[in-house]
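Engineer:
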Amino acid sequence: MMKRSALIFSALFVFIVGMASTGGSMDLASCGTTLASYAGVAARSNLTNPDESCGGRATYGLQYQCVEYVRRFYHLVKGIETREGMMGKRWNGNANTYFKTAAEKDLDAFENGGRVPPRPEDILAFQGGPYGHVAIITVVAEDHIEFVEQNFSPTGAGRLAYNPLTNRVENRKVGRDLFTVEGWLRPQAERNAPPKGPVEAVSTHTP
-14 MMKRSALIFS ALFVFIVGMA STGGSMDLAS CGTTLASYAG VAARSNLTNP
36 DESCGGRATY GLQYQCVEYV RRFYHLVKGI ETREGMMGKR WNGNANTYFK
86 TAAEKDLDAF ENGGRVPPRP EDILAFQGGP YGHVAIITVV AEDHIEFVEQ
136 NFSPTGAGRL AYNPLTNRVE NRKVGRDLFT VEGWLRPQAE RNAPPKGPVE
186 AVSTHTP
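Residue 23 in this note's numbering sits at position 38 of the sequence shown, and the numbers go up by one each step.
#1: Going by DSSP, what residue range makes up the beta strand (DSSP E) through residue 131?
#2: Can you tell me which of 80, 21 and 40 puts its alpha carbon nearest to the alpha carbon of residue 164?
#3: What would DSSP say about residue 59, mapped onto helix, strand or coil?
#4: Can we say the segment 23 to 42 touches the segment 150 to 166, given the rule of at least three CB pairs closer than 8 Å?
#5: Following the continuous beta strand (DSSP E) through residue 95, name the residue where it begins and the one where it ends.
#6: Determine which residues share a DSSP beta bridge with residue 23 and list them.
#7: Pull up the distance between the alpha-carbon of residue 13 and that of residue 33, whole angstroms please.
#8: If you check the beta carbons only, do residue 68 and residue 45 fall under 8 Å apart?
#9: Please look up how many angstroms separate the CB atoms of residue 56 and residue 76, rounded, as I've assumed it's under 8 Å.
#10: Might you give, ordered along the chain, the residues of its own chain that have their beta carbon closer than 7 Å to the beta carbon of residue 113, omitting 5 neighbours on each side?
#11: Can you give me the Cβ contacts of residue 97 inside the same chain, cut-off strictly under 7 Å, excluding the 5 residues immediately before and after it?
#12: Would you check if the segment 133 to 150 and the segment 107 to 125 touch, i.e. whether three or more CB-CB distances between them fall below 8 Å?
#13: Suppose the cutoff is 7 Å on Cβ atoms and the five residues either side in sequence are ignored; what does the same chain contact list for residue 107 look like?
#14: Taking just the CA atoms, how far does residue 100 sit from residue 21?
#15: Under 6 Å Cβ to Cβ from residue 179, same chain only, skipping five residues before and after it: list those, please.
#16: Which residue spans inside the segment 138 to 169 form an unbroken alpha helix (DSSP H) run of at least 4?
#17: To the nearest angstrom, how far is it from the Cα of residue 177 to the Cα of residue 84?
Dropping the structure here:
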């Protein structure tokens, strides 16, 4: 879950964009506003209260934190049980625990720069800040990846450089904080599944 570092980043980002586009107005999207959508699952704003949850606890944990989006996406799109009270505590915890506890979630973990390239719908896992960060990969291109996320970006989406020859995604610098890409997670049931065809475009909404 992204917290204080996300608040600093989002405030600076919105200030710059807001000043450039509106001549000085600066507004964060209100709690629960849809920022982006992928495969029909909306990523919503929590940037008015990134230290906690602006929407309280619900079906997939603290609403609009980064982990809540990943849990909601994997239940609705993958059919994996991630709901509160339905799966023990396997999908609970901060984002910085996800990579090392992948097997408990019936996920395979692939290291950044390893032998297995990322795919759309993989969970992208970061270490950094006090809580780490997770997102859902939406596009794997020849020179970059794209992803949808909550509680980190005012657009609900991100992009990082990617080298397919080394299977390495660049780390993410946010102010003075470095968020290191640990790797990506994928359901064990998809070990032998071929890559999917063209992915659905990510729709974004600017409040």
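Built from N, CA and C at the ideal position, the CB exists for glycine as well.
Structural biologist: In brief:
#1: Along the sequence shown, read from residue 1 onward, the residue named residue 131 stands at position 146. That run of the beta strand (DSSP E) goes 129 to 133.
#2: Against the sequence shown, residue 164 aligns to sequence position 179. The option with the nearest alpha carbon to residue 164 is 80.
#3: Looking up residue 59 in the sequence shown gives position 74. Reduced to three states, the DSSP call for residue 59 is helix.
#4: Counting Cβ pairs under 8 Å, fewer than three are found: no touch.
#5: To locate residue 95, count along the sequence shown from 1; it is residue 110. In the DSSP assignment, residue 95 falls within the unbroken beta strand (DSSP E) covering 92 to 96.
#6: Counting from one through the sequence shown, the residue named residue 23 turns up at place 38. In DSSP, residue 23 forms a bridge with 26.
#7: In the sequence shown, residue 13 corresponds to position 28, counting from 1. In the sequence shown, residue 33 corresponds to position 48, counting from 1. Distance between residue 13 and residue 33, taken at the CA atoms: about 7 Å.
#8: Here residue 68 refers to the residue found at position 83 of the sequence shown. Here residue 45 refers to the residue found at position 60 of the sequence shown. Taking 8 Å as the Cβ cut-off, residue 68 and residue 45 qualify as a contacting pair.
#9: Position 71 of the sequence shown holds residue 56. Position 91 of the sequence shown holds residue 76. Sure, about 5 Å apart at Cβ, within 8 Å.
#10: Here residue 113 is taken as the residue at index 128 of the sequence shown, counted from 1. Annotation for residue 113: 162, 163, 164 and 165 place their beta carbon closer than 7 Å to its own, counting only its chain and skipping 5 residues before and after.
#11: Taking the first residue of the sequence shown as 1, we reach residue 97 at position 112. So the qualifying residues of the chain are 153, 154, 166, 167 and 168.
#12: The segment 107 to 125 makes contact with the segment 133 to 150: 3 or more CB pairs, one atom from each, lie closer than 8 Å.
#13: For this step, residue 107 is matched to residue 122 along the sequence shown. Within the same chain, residue 107 has close Cβ partners 122, 169, 170 and 171.
#14: Indexing the sequence shown from 1 puts residue 21 at position 36. Indexing the sequence shown from 1 puts residue 100 at position 115. Cα to Cα, residue 21 sits roughly 30 Å from residue 100.
#15: Within the sequence shown, numbered from 1, the residue matching residue 179 stands at position 194. Here the set comprises nothing.
#16: Within the segment 138 to 169, no complete alpha helix (DSSP H) run reaches 4 residues.
#17: Locating residue 177 in the sequence shown gives position 192, counting from the first residue. Locating residue 84 in the sequence shown gives position 99, counting from the first residue. Linking residue 177 to residue 84 through their CA atoms gives a straight-line distance of about 21 Å.
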